[in-house]
Structure formats: structure tokens, C-alpha cells
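Report on the structure given below.
Residue numbers (the numbering used here): 359 to 758.
Below, the structure is given as C-alpha cells:
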């Protein structure tokens, strides 16, 4: 679709007017003026280049009548953030923002599976959610989804296939599921579900809690786990954060508040060097021996969970060095309903150094063998055969 005024020209005009207005309003000294003029010049160069590209494309592009202006805007925004070199920055369309907000709440729309990309290129089922459409359809762990709505998974790619599986609540998806070399066709409904992010049970005299991510729904799931395990007489708590890539700061802070004594949980350090306390815990705490388990994919909020417990001498870390993401992002919604996620500062643990790009070194390093790691990745490694869990129990027992 063509417009009488090109996208680039419109953007250029608006940006220059805004920049000039800003400069006139805030000019207070020669240094400030010089800085603003330089900034204005740089902006002008950027928008002039975009305008030049846009005009050429709309004049010479073979399929110029098929140009999608919204797709152009989305791509420009995505490219701008990519040019920052911020690997955590992201652009969200209005639709994808809604999905992100659901995910942050711990809610998803789909068939209710945890999956990964199989080495064959197909979707491998890791587990199904309780009372999910997938469970009702008889889908089992280790099954392969080879086709989604008539499209071969390998042909369209794992990520696109997973998006097609999700869909909208109240609709159905046609799958071809492979088990033991045999393919079966099934039609599975989609619905909105709370994502189970906490698994827990008694292991001997100790409570075992596996946290897969930190979402809004995780808080209640975690509190339920703690309450039930302590009611069952747990004499210690094992927190398994392996493969936990993080989540929201609010969620992890509220969970830590239940475990920690009064004090700071996290502090933000901004680009200008100033800092602010992000979260604090009250004086109410759980006084039980604790231990954490982490690995190379334990990141961000999960690392804060580990570090905060260790800073307050509440728990040692067993496993391998963690990922090392100690920076935080803020979501900024734009006027059209889209949004950008941008790194805006470091989040520091209560007492120790920031772990960004370094990770957290375990107090007790325990590595899995290649065979054990393969079983672990397939969620087939039983705790009784898991050396990291075994060491965690040993550490816990020595602190009682």
C-alpha cells in the first residue's frame, strides 16, 4: 500500500520538529547548545538516510504496490534495537506484547506442553500439563510432533511450528504425533492455562522444590509448596533452579521475602551511576536449612534467588557456574500499543558483587557426566541417580 507522504519523510519531519523544539526549550548554556546541535545533526542524518532509502524503494522496487507500511515500521524498530548491541533488547508488536504480558503473568494459550527441538528437527514433548488438552489427547513425554495443521515441522522450522501450536483459546490444532516410529493424527483443542512453574515433593526428610521460572503465578505456587512441605514436617529445603532462565524481579523478590530476614533484596545501578533499592524483605523468615542447585542455564532472577540466599547465609550453591545475567530490562509501551524492552541498569544482589557476564561460582561444584546430562535434558534423570541432588542433600544434612 503506497502513501502520498512516504514513511521516511513523515518520520524525518516529525523527528526534526521535535528535536528543534526540545533544543530551544532546554538550551541553557553554550555547552548544552553544542551538545544538542550535535545530537540534532546526528538525528537529522539518520532520518535523512531513512528517507532516501524509502523514496528509492517506493520509486524503484519491483513490488512497490505490495509494500506493507506496518511491516516496515516493525522492521525498522527491530533493526534499531539490534543496532544497539543490547542482546536483551527487543521490540514487540501490539499483538506480541499481549502474549508477553500473558507469559509474565504465568498464563499461556495452547495445548499444555513443555517441549524442545529434537535433534531430528521435530518438536519433542518433555512433559504435559496436568488437566491440559494435550494430556486429555494422550500425548506423552518423548512423543514427536512432526506436523502442525498439515505443515511439516522441519520444513517450517521449530519456532514457527511452536507458534502454530499455540494459537487462540477455543480453537483446535491438527497434529501428527510420532511415537515409536508410528504416526498418529489427532485434533487437540487450545485453552488458556496457568503455567506450572513450581514442582515440589518430600524427598526423605527434606522438601524438594523445583522452580522453572519466575512469573506472577509462580508466587502462589511457591507459597503453596512451602506451606505444604513445612506442614509435612520438612526439616530442610532444596531449591532446584537448574535451567531456570529467570523471570520478573517482582516475583522473585516476593518469594525471597518469605525466606529472608529483614534487609535489602536487590538494588538497581543506573547508567549514571546512581542506585536505588528495588526490593526489601521484612523480618519474617523461614528458619530451615536450605540449599540451592544451579547450572550454566540458571540466569537472571534465578541467580538473584541463589545469591540473595547465600548473601544472608541461608543457603549454599551446588552444581556448576551459572549463566551470568545481572542486568535488568524495562518495558516501555509506545503510543501505538507496541513496546520496546531495553536494558536500563544492573541489578545487584544484597551484599555480593554483581554477577553479570561472570555467573555465580558454586560452593560445591558437581558436574553431570555426558550420559547423565542427556538424561537430565530429557527429564529422565531420576533424583536418586542425580549427583547434584545427592550432593545437595549431603550439604543440607551437614547444616542441620
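All C-beta atoms, glycine included, are put in the ideal place defined by N, C-alpha and C.
Check this for me: beta carbons of residue i and residue j, under 7 Å apart or not?
i           : j           : result
residue 674 : residue 753 : yes
residue 666 : residue 604 : no
residue 637 : residue 620 : no
residue 575 : residue 557 : no
residue 712 : residue 684 : yes
residue 644 : residue 449 : no
residue 512 : residue 538 : no
residue 467 : residue 548 : yes
residue 730 : residue 741 : no
residue 522 : residue 541 : no
residue 476 : residue 451 : no
residue 679 : residue 650 : no
residue 681 : residue 703 : no
residue 606 : residue 474 : no
residue 495 : residue 544 : yes
residue 615 : residue 639 : yes
residue 749 : residue 724 : yes
residue 499 : residue 481 : no
Could you check the C-alpha separation between residue i and residue j for me, to the nearest Å?
i           : j           : result
residue 453 : residue 502 : 29 Å
residue 689 : residue 700 : 7 Å
residue 594 : residue 613 : 17 Å
residue 359 : residue 694 : Reliability of the predicted coordinates at residue 359 is poor, the pLDDT of 42 falling under 50, and no value is obtained from them.
residue 440 : residue 596 : 39 Å
residue 510 : residue 407 : 41 Å
residue 633 : residue 707 : 13 Å
residue 686 : residue 653 : 20 Å
residue 486 : residue 602 : 18 Å
residue 660 : residue 472 : 19 Å
residue 533 : residue 671 : 50 Å
residue 525 : residue 581 : 31 Å
residue 751 : residue 647 : 11 Å
residue 489 : residue 497 : 12 Å
residue 573 : residue 403 : 42 Å
residue 563 : residue 505 : 45 Å
residue 635 : residue 436 : 31 Å
residue 470 : residue 446 : 27 Å
residue 727 : residue 714 : 27 Å
residue 571 : residue 405 : 41 Å
residue 458 : residue 416 : 34 Å
residue 382 : residue 422 : Its pLDDT being 35, under 50, residue 382 is placed unreliably by the model, and the measurement read from it follows with that caveat. Their backbone Cα atoms lie some 39 Å apart in a straight line.
Just mark residue i as buried or exposed, buried being the case when its beta carbon has 16 or more other beta carbons within 10 Å.
i           : result
residue 746 : buried
residue 389 : Confidence is the limiting factor: at residue 389 the pLDDT is only 45, short of 50, which leaves the residue's position unreliable, though a coordinate-based value still follows. Its Cβ having fewer than 16 others within 10 Å, residue 389 is exposed.
residue 624 : buried
residue 579 : buried
residue 424 : exposed
residue 527 : exposed
residue 418 : exposed
residue 626 : buried
residue 426 : exposed
residue 584 : buried
residue 529 : exposed
residue 668 : buried
residue 630 : exposed
residue 546 : buried
residue 555 : buried
residue 464 : buried
residue 411 : exposed
residue 692 : exposed
residue 566 : buried
residue 587 : buried
residue 763 : There is simply no residue 763 to check, as the chain begins at 359 and stops at 758 in what is shown.
Taking the DSSP output, what are the residues bridged to residue i?
i           : result
residue 565 : 560, 595
residue 644 : In DSSP, residue 644 forms no bridge with anything.
residue 651 : 598, 676
residue 542 : 535
residue 572 : 605
residue 634 : 626
residue 550 : 467
residue 578 : Per DSSP, none; premise fails for residue 578.
Quick check on residue i - is its C-beta less than 7 Å from some C-beta in chain B?
i           : result
residue 693 : Looking at the structure shown, chain B is missing, and only one protein chain is on hand.
Starting from the N-terminal side, write out each stretch of the beta strand (DSSP E) that is 3 residues or longer and does not extend beyond the region 675 to 713. Fully enclosed beta strand (DSSP E) runs of no fewer than 3 residues occupy 685 to 691, 697 to 706 of the region 675 to 713, in order along the chain.
Could you tell me which whole beta strand (DSSP E) segments of length 3 or greater appear in the region 420 to 505? Runs of the beta strand (DSSP E) lying entirely within the region 420 to 505, each at least 3 residues long, are 448 to 450, 465 to 468, 471 to 475, 481 to 486 in chain order.
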